[in-house]
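Taking it in order: structure first as structure tokens, then the write-up.
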């Protein structure tokens, strides 16, 4: 096991991230500063989840999110079909002074001041890079519905995917909390209803274009 650890991390001695291989809302995620302290964090995560534990290098740069879905998009109730997956809502997660990782939404609600939507005039190159990553993941993994990517830069500014969330929060934004992937909808010329309409229309498009057999019942309703 020590040899496997050294193959993965070499002489790197920390800090590390210790987290479950599955779960929700960033629960049971620990920052461990030194390799000597990893065992306690691993035991804590395993005791809580009774499943495999993942160890990663801690990334100290800025943290971002971006959503991506299929190519059928609704804007102001008008549908368009694009040639590539639709990547949207590029935003930066704003870490508090006491946070080294983004705190679980179960412990600290996601409010507007914790998410900063990227501005195309200021952050254009970053938005382009995030969208390129998101589209590549969507196509390479042959995905069929909206996901959210959590991405963080290392000390040199190189972006790394932390995780792909297949069930992002889709709740309509409210004053007391918001959904990460809804924060950037106005920048795309979209309202919340457009997001839901896009997901529904994209699914129907996929069924008729790629799964005609599965669309038989739906086809009958249209007749």
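Numbering (the numbering used here), first residue to last: 87 to 309. Idealized CB from N, CA, C, for every residue including glycine.
- For residue 151, the uninterrupted beta strand (DSSP E) segment begins and ends at 149 to 155.
- Contact annotation: the region 220 to 235 does not touch the region 136 to 146, with fewer than three C-beta pairs closer than 8 Å.
- Rounded to the nearest whole angstrom, the CA to CA distance from residue 265 to residue 255 is 6 Å.
- In the DSSP assignment, residue 159 falls outside any alpha helix (DSSP H) and lies within the beta strand (DSSP E) extending over 158 to 161.
- Shown here, residue 281 sits in a helix according to DSSP, grouped into three states.
- Of the other Cβ atoms in all chains shown, fewer than 16 fall within 10 Å of the Cβ of residue 227; this residue is therefore exposed.
- In chain order, 245 place their CB closer than 8 Å to the CB of residue 215, counting only its own chain and leaving out the 5 sequence neighbours on each side.
- Per DSSP, residue 250 lies in no alpha helix (DSSP H) segment; the continuous beta strand (DSSP E) that holds it begins and ends at 245 to 251.
- At the C-beta level, residue 247 and residue 235 come within 8 Å of one another.
- Per DSSP, the unbroken alpha helix (DSSP H) holding residue 220 starts and ends at 206 to 226.
- Between residue 243 and residue 176 a beta carbon distance of about 16 Å is seen, past the 8 Å cut, so the two are scored as non-contacting.
- Just so you know, the alpha carbons of residue 161 and residue 131 end up roughly 43 Å apart.
- With a cut-off of 8 Å on Cβ pairs, the region 148 to 155 is in contact with the region 176 to 188, counting three or more such pairs.
- Close CB contacts of residue 142 within its chain, under the 6 Å cut and outside five residues either way in sequence, are with 103 (chain order).
- Taking 8 Å as the cut-off, the Cβ atoms of residue 233 and residue 251 count as close.
- As a beta-bridge residue in DSSP terms, residue 167 pairs with 158.
- If you draw a straight line from the Cα of residue 134 to the Cα of residue 123, it is about 18 Å long.
- No residue range can be given for residue 265, since it is assigned to no alpha helix (DSSP H) and is classified by DSSP as neither H nor E.
- The residues 117, 118, 119, 144, in chain order, have a CB closer than 7 Å to that of residue 101 in the same chain once the five nearest residues on each side in sequence are set aside.
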